[in-house]
Amino acid sequence: MKHQTIAVLDFGSQYTQVIARRIRECSVYSKIYHYKTSAKQLKKDRVAGIILSGGPESVLKKGSPRPDPKIFELGVPVLGICYGLQLISFMLGGKVEKSSEREYGHGQLKIKTKGSLFRGLPSRLQVWNSHGDRLAKLPGGFKTIASTENSDFAAIVSEKKRIYGIQFHPEVDHTEGGINILENFLRKICGCKADWSMADFVRDSIDWIRKTVGSDRVLLGLSGGVDSSVAAALIHKAVGKQLTCVFVDNGLLRLNERELVVDLYKRHFNMDVRVARSGAKFLKRLRGVSDPEKKRKIIGNTFVEVFQDSLKRIGHAKFLAQGTLYPDVIESVSIDGNPAATIKSHHNVGGLPKSMKFELLEPLRQLFKDEVRALGAELGLPKEVVWRQPFPGPGLGVRVMGEISKSKLDVLRKADAILHEEMMTSELYYKVWQSFCVFLPVKTVGVMGDERTYENVIAVRVVESKDAMTADWVRVPYEVLQRVSNRIINEVQGVNRVVYDISSKPPGTIEWE
Ligand code: XMP
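All residue numbers for the sequence shown refer to our numbering, where the first residue is 33 and numbers rise by one.
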C-alpha cells in the first residue's frame, strides 16, 4: 500500500527531525526533502502536503535558502513554520522586516479564527518562538488568524490556496496543543489518514538496507544496549547472514551478560555473533590504575583495539553498522544552510585507523529513543532488551572504586544481580532511570553470628531522570531496601555493609566515577 506522504522541506532548522517525528506520532508517513527539491519532483511523489521547516537564516539576506516557487501552485496544502512563514510572505508578495526585538521563548498566542488549523483548541495558547524577523504586511489573499504580543501575524492563511503560515514552533514540547495543530493540518487540511505504523517503518527500512547493502557484508559492534540491539535485529531481518556482530566481553560486564547476549542473538535470532573474550587483557592493563579518567581511557583504547582485531579476523566488509539515533547525530556540517542534506556517508568511525575504511550504515539515525524502543518491540526483541536501563560503556570498571580486580568485580556482580532481581520483583526496575551497585574498597567492622567481620561496603544507587542531565535519588520503599541489604550481606561473601546513595545530580553525578 502506498502511503500518503507529507514532504518536510528542510531549511536547516534544528527541529526538522522533530517535525518528522510528530508526523509519525500522528501515524502519517513523512519524508524530509532538500529545500531545493523541485515542485515537479514533489508532484511526481504525489505528496499530500508540504511543510516548510524553520531555519537559522533570514529571508532578507541575499542567498538565503528558497524553495522552488512553483510549490505554491501545486494545489497541495502548505504549512510554513517560522522561517517557512516568512518565506511564504516574502515569496508571495508580503513584507518581512527585521524586528526590533527578537522574539525568543514563550509567547501567548491569541487565536482570532479557529478554522481548520486551530479546530478544537482553546483561544489562548502558550507557544514557543524563536525568530528575529517578523511579518510587516500580508501577501495578497491572506488573512491573519492569530497574533502574539510581538506580532499581529503569528498565524496566517489563504484558504483559497490552502497555504498556512505560523510564526511559532508547533513541533516542540513547549508549545501547548502543538501536536493538535499539526494533526489538524495533516487530517483536516491535507486529508491524511492515520495509516502509517512502525510495521511500515520496518518494511521501508528493510527495503532501504537491502538496496544499500546489496551483496556486501555488514559488521556491527553489539553492546547489548537498546540501540545496537535494535539496529542488529533490523539489519539481520534485512540481510540475514551478511551481518556479523561483534560482542566484546571486556570482563567488566554484569553477571551472565555474555551468556544472555549469546543466547538471545545467536540462539534465538540465529545471528552470526562473534564473541571477543578479552577480560584478561582489560584487567591486565587496568592493574595498579585507580584514577577514574585513566581507567576510562584504558578501557576505551583497549576496546577499540580488541574491536579492530576482531574486525580484521572477520575479513573484508564494506559496511560498519551503528545504532546511531537522531539525538546522537552531531556531525551536521552545513553547506548552504541545510544540515540535513549534508549527512556524510563516507567517513571514518571514531577510533578506527584510517586504513580501515567502512561505509557507515545507520538505519536508526532518524529516530528518537522511544521510537527505537517501539521498533525493537515490533522486531520481537524482549522487554528486558527494549526497556533496559542505560549501562555505561566502561561497565563495572567505573563502579568498582579505585583499582579494579577480578575478585572485587565478582563481589560487585553478585550484589548487582541481587539488586536487579529485587528491582524486578518489586516492579521498580522499569520505573526508574537506573539502579545499580557500587563497590567501595572501604573495610568496616561488623558482626555476623558471634563473629566479628571486617569487610567491604556496597553502595546502592537508584535514580530517576529524563535525560541523565539531572537526576534525583528514588524514594525506594524501605521494605525493598531492607530486602536488598539483607540479601547482599547474607548472600555475597566479602560484604558486611550496604549504604544507600541519597545524592542528586547536580551536584553529584549518576555514576560514582
Ligand atoms: P553521569 O555519571 O555523568 O552519567 O551522571 C550520566 C549517564 O551516562 C552514563 N554514562 C556513560 N555511558 N559511557 C557511556 O556509554 C560512559 O563512559 C558513561 N559514563 C556515564 C551513566 O550511566 C548515566 O546514565
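Cβ coordinates follow ideal geometry from the N, Cα and C atoms, glycine included.
*For chain B, find out if any of its Cβ atoms is closer than 9 Å to the Cβ of glycine 408; answer yes or no.*
Although the question refers to chain B, the structure presented lacks it and comprises just one protein chain.
*Runs of beta strand (DSSP E) lying entirely within the stretch 184 to 210, each at least 3 residues, in chain order*: As summarised for the stretch 184 to 210, the continuous beta strand (DSSP E) elements at least 3 residues long and confined to that stretch are 195 to 198, given in chain order.
*Following the continuous alpha helix (DSSP H) through glutamine 466, name the residue where it begins and the one where it ends.*
Position 434 of the sequence shown holds residue 466. Segment 466 to 480 is the beta strand (DSSP E) holding glutamine 466; no alpha helix (DSSP H) there.
*Assuming phenylalanine 174 and isoleucine 188 make a contact with CB atoms under 8 Å, what is their CB distance in whole Å?*
Translated into the one-based positions of the sequence shown, residue 174 becomes position 142. Translated into the one-based positions of the sequence shown, residue 188 becomes position 156. Confirmed, about 5 Å.
_Run through the DSSP bridge pairs and tell me what valine 250 is partnered with._
Numbered from 1 along the sequence shown, position 218 holds the residue referred to as residue 250. For valine 250, which the question treats as bridged, DSSP gives the partners Leu275, Phe351.
*Can you grab the Cα-Cα spacing for the pair methionine 456 / glycine 412, in whole Å?*
Looking up residue 456 in the sequence shown gives position 424. Looking up residue 412 in the sequence shown gives position 380. C-alpha separation (whole angstroms): 21 Å.
*List in chain order: all unbroken alpha helix (DSSP H) runs of 4+ residues lying wholly within the stretch 302 to 332.*
311 to 318
*Pick helix, strand or coil for tyrosine 47, following the three-state DSSP scheme.*
The residue labelled residue 47 in the question sits at position 15 within the sequence shown. The answer is coil: DSSP assigns tyrosine 47 none of H, G, I, E or B.
*Measure the Cβ-Cβ separation of valine 245 and phenylalanine 351 and say whether it is below 9 Å.*
Within the sequence shown, residue 245 is the residue found at index 213, counting from 1. Within the sequence shown, residue 351 is the residue found at index 319, counting from 1. Yes, these two residues count as a Cβ contact at 9 Å.
*Should isoleucine 82 and valine 50 be called a contact, given that it needs their Cβ atoms to be closer than 9 Å?*
Counting from one through the sequence shown, the residue named residue 82 turns up at place 50. Counting from one through the sequence shown, the residue named residue 50 turns up at place 18. For isoleucine 82 and valine 50, no; Cβs fall outside 9 Å.
*Can you give the Cα-Cα distance for lysine 273 and leucine 318, rounded to whole angstroms?*
Residue mapping note: residue 273 aligns to position 241 of the sequence shown, counting from 1. Residue mapping note: residue 318 aligns to position 286 of the sequence shown, counting from 1. Their Cα atoms are separated by approximately 36 Å.
_Quick check: is any heavy atom of the ligand XMP less than 8 Å from the C-beta of arginine 328?_
Numbered from 1 along the sequence shown, position 296 holds the residue referred to as residue 328. At least one heavy atom of the ligand XMP is nearer than 8 Å to the Cβ of arginine 328, so yes.
*Identified DSSP bridge partners for arginine 242*: Here residue 242 corresponds to residue number 210 of the sequence shown, with the count starting at 1. Note: arginine 242 sits in no beta bridge, so no partner.
*Going by other Cβ atoms of all chains shown within 10 Å of its Cβ, with 16 needed for buried, is lysine 389 buried or exposed?*
Along the sequence shown, one-based indexing puts residue 389 at 357. Lysine 389 should be labelled exposed.
*Where does glutamate 435 fall in DSSP's three states?*
Along the sequence shown, read from residue 1 onward, the residue named residue 435 stands at position 403. DSSP places glutamate 435 in coil when its eight states are reduced to three.
*asked:* I need the DSSP call for alanine 263, collapsed to helix, strand or coil.
replied: Start at 1 with the first residue of the sequence shown, and residue 263 comes out as number 231. In the three-state DSSP reduction, alanine 263 falls in the helix class (H, G or I).
_With three or more C-beta pairs closer than 8 Å as the rule, is the stretch 83 to 99 touching the stretch 47 to 67?_
yes
*asked:* On the CB-based measure, 16 or more other CB atoms within 10 Å of its CB, does valine 477 come out buried or exposed?
replied: By 1-based counting over the sequence shown, the position of residue 477 is 445. By the 10 Å Cβ count, valine 477 comes out exposed.
*At least 3 beta-carbon pairs within less than 8 Å: the stretch 527 to 539 vs the stretch 492 to 503*: yes
*So what does DSSP say about threonine 334, is it helix, strand or coil?*
The count along the sequence shown starts at 1 and reaches residue 334 at position 302. In the structure shown, threonine 334 sits in a helix (DSSP, three-state: H, G or I).
_Could you check whether the Cβ of tryptophan 465 sits closer than 8 Å to any heavy atom belonging to the ligand XMP?_
Along the sequence shown, one-based indexing puts residue 465 at 433. Result yes, Cβ under 8 Å from the ligand XMP.
_Just verifying my parser: in three-state terms, what is the DSSP assignment at asparagine 161?_
The residue you call residue 161 lines up with position 129 of the sequence shown. Of the three classes helix, strand and coil, the one that applies to asparagine 161 here is strand, per DSSP.
*Check whether the Cβ of glycine 172 sits closer than 8 Å to any heavy atom of the ligand XMP, and report yes or no.*
By one-based count along the sequence shown, residue 172 stands at place 140. Not so, every heavy atom of the ligand XMP lies at least 8 Å from the Cβ.
*For isoleucine 82, does the three-state DSSP call read helix, strand or coil?*
Position 50 of the sequence shown holds residue 82. Strand.
*Beta carbon of phenylalanine 217: closer than 8 Å to some heavy atom of the ligand XMP?*
Residue 217 sits at position 185 when you count from the first residue of the sequence shown. Incorrect: phenylalanine 217 has no Cβ contact closer than 8 Å to the ligand XMP.
*asked:* I need the straight-line Cα distance from lysine 193 to arginine 156, nearest angstrom please.
replied: Counting from 1 along the sequence shown, the entry for residue 193 is found at position 161. Counting from 1 along the sequence shown, the entry for residue 156 is found at position 124. Lysine 193 and arginine 156: Cα-Cα distance of roughly 26 Å.
_Helix, strand or coil at histidine 300 according to DSSP, with G and I counted as helix_ = Position 268 of the sequence shown, counting from 1, holds the residue named residue 300. Helix at histidine 300.
*Within 10 angstroms of its Cβ, does valine 40 collect 16 or more other Cβ (buried), or is it exposed?*
Counted from its first residue, the sequence shown places residue 40 at position 8. Under this definition valine 40 is a buried residue.
*Flag valine 430 as yes when its Cβ comes closer than 8 Å to any non-hydrogen atom of the ligand XMP, and as no otherwise.*
The sequence position of residue 430 within the sequence shown is 398, counting from 1. Yes, since a heavy atom of the ligand XMP falls inside the 8 Å radius drawn around the Cβ of valine 430.
*Residues bridged to tryptophan 505 by DSSP?*
For the purposes of this step, residue 505 is taken as residue 473 along the sequence shown, with counting starting at 1. Note: tryptophan 505 sits in a beta bridge opposite Val495.
*Provide the residue(s) that pair with serine 62 in DSSP beta bridges, ordered along the chain.*
Taking the sequence shown and counting its residues from 1, one reaches residue 62 at position 30. Paired residue(s): Ile38.
_I need the straight-line Cα distance from leucine 74 to glycine 408, nearest angstrom please._
As a first step, residue 74 must be located in the sequence shown, where it is residue number 42. As a first step, residue 408 must be located in the sequence shown, where it is residue number 376. Spanning the two alpha carbons is a distance of roughly 32 Å.
*Quick one: any contact between the stretch 329 to 339 and the stretch 227 to 235, if contact means 3 or more CB pairs under 8 Å?*
no
_Could you check if glutamate 435 belongs to the surroundings of the ligand XMP, using beta carbon to heavy atom distance under 8 Å?_
What you label residue 435 is simply residue 403 of the sequence shown in a count that begins at 1. Outside the cutoff, so no.
_Same chain only: Cβ atoms within 6 Å of tryptophan 419, ignoring 5 sequence neighbours per side_ = Here the question's residue 419 lines up with position 387 in the sequence shown. Cβ neighbours of tryptophan 419 beyond the five flanking positions: Tyr462.
*lysine 440: which of Arg219, Glu487, Tyr297, Gly44 sits nearest, CA to CA?*
The count along the sequence shown starts at 1 and reaches residue 440 at position 408. Of the candidates Arg219, Glu487, Tyr297, Gly44, the one whose C-alpha sits nearest the C-alpha of lysine 440 is Glu487.
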